[in-house]
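The numbers in this note's numbering rise by one with no breaks, and the one at position 114 of the sequence shown is 116. Report on the following structure.
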Amino acid sequence: MKVTERLDKILAHAGFGTRREIKEQVKRGQVTVNGKIVKDSGLQVKPALDSILVDGERVEYREHVYLMLHKPPGYVSATEDTRDRTVLELLGEEYAHFDLFPVGRLDKDTEGLLLLTNDGKLAHQLLSPRKHVPKLYYAEVSGFVTEEDRVAFQQGVELDDGYRTLPAELIIEQAEQPESGKLSRIRLTLHEGKFHQVKRMFQSVGKKVVYLKRLSMGSLELDESLKPGEYRELTELEMEGLRTS
Ligand code: URA
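What follows is the structure, given as structure tokens:
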């Protein structure tokens, strides 16, 4: 955030309407800066220091927003899509003007932790391949998941495009023979994020992921009190953890 910023930009960011609407409000004398009515919506102000009021209501300016979403199935991790509903459509009006985007992608049918922000720097840091930020998934798999799979994932497996995966930690919670009609249950920690990676890793050992949910990303854990489709802002503690992830 710059030290000084245009008044209309600050008010638009804080949800007071479009620049045109704000210009009108300013003209009508509804906006004060440090107690004085201002008439120029392009005025340069210091959002961190100046006291800005609209109709007597104090404007809380913040540049960045960080939301934890429990992504439900059926939504794509994108800001726009011509065919499918996007995760942004799950958010309330109050977040509409923040230009939020999902940090990384979960498949349309994948559930669980998705971070939404407008902080490009933090997103870049979390997604950087060099950082190897761990991501923990829970999956239900059709096929008997074995100790050999655990060792193979630890050593790296070759995906359908020839890519060799980085070491990943597989925990077998429950292995079931497919004939039983039940699914095996596992947890898998990845340190990278290739397209459809969990599904393709199981495919490489002849098994099929039928349910997938992300439980954590770096230090950020899915708040299980959030139902699919629900979201909340991150706490200070969660923010601190992410910054040092
Ligand atoms: N791996 C997958 O296969 N899908 C996801 O959505 C995330 C990781």
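All residues carry an ideal CB built from backbone N, CA and C; glycine is no exception. Please read these numbers as outputs of a predicted model, since none were measured by experiment.
{"Asked": "Under the three-state DSSP convention, the category F103 falls into", "Found": "strand"}
{"Asked": "Pairwise C-alpha distance: G145 and S182", "Found": "10 Å"}
{"Asked": "Closest residue to I54 among E232, E7 and L116 (Cα-Cα distance)", "Found": "E7"}
{"Asked": "Any heavy atom of the ligand URA within less than 5 Å of residue CB: hits in chain order", "Found": "L108, D109, T112, H198, Q199, V200 and K201"}
{"Asked": "Within 8 Å, strictly: CB atoms of V207 and A141", "Found": "no"}
{"Asked": "Beta strand (DSSP E) segments (min. 3 residues) lying fully within the segment 65-92", "Found": "68-73"}
{"Asked": "The segment 59-79 contacting the segment 171-189, beta-carbon criterion three pairs below 8 Å", "Found": "no"}
{"Asked": "Inter-residue spacing [alpha-carbon to alpha-carbon] between H15 and R21", "Found": "10 Å"}
{"Asked": "Straight-line Cα distance separating Y97 from L190", "Found": "33 Å"}
{"Asked": "Separation of D163 from H198, as counted between CA atoms", "Found": "12 Å"}
{"Asked": "6 Å CB neighbourhood of Y68 in its chain, flanking five on each side removed", "Found": "T119 and L236"}
{"Asked": "Identity of the residue in A125, R166, V47 and V135 nearest H193 by Cα", "Found": "V135"}
{"Asked": "8 Å Cβ shell around V143 - same chain, five flanking residues per side excluded", "Found": "L185, S186, R187, I188, F204, K209, K210, V211 and V212"}
{"Asked": "V33 beta carbon less than 8 Å from that of V56", "Found": "yes"}
{"Asked": "Same chain, Cβ closer than 7 Å to T81, five either side skipped, listed in chain order", "Found": "T88, L90 and F103"}
{"Asked": "Cβ pair count under 8 Å reaching 3, the segment 108-119 against the segment 217-228", "Found": "yes"}
{"Asked": "L239 classed as buried or exposed, judged by whether at least 16 other C-beta atoms fall within 10 angstroms", "Found": "exposed"}
{"Asked": "Endpoints, the beta strand (DSSP E) within which R189 is located", "Found": "S186 to L192"}
{"Asked": "Supposed contact pair K196 and L172 - C-beta distance, whole angstroms, cut 8 Å", "Found": "At roughly 16 Å, the Cβ-Cβ gap does not stay under 8 Å, so L172 and K196 are not in contact."}
{"Asked": "Backbone CA spacing between G220 and S130 [nearest angstrom]", "Found": "12 Å"}
{"Asked": "Unbroken alpha helix (DSSP H) run spanning E240, endpoints", "Found": "E238 to R245"}
{"Asked": "Beta-carbon proximity of V61 to K41, cut-off 8 Å", "Found": "no"}
{"Asked": "8 Å contact criterion, which S218 and L138 should meet: CB distance rounded", "Found": "4 Å"}
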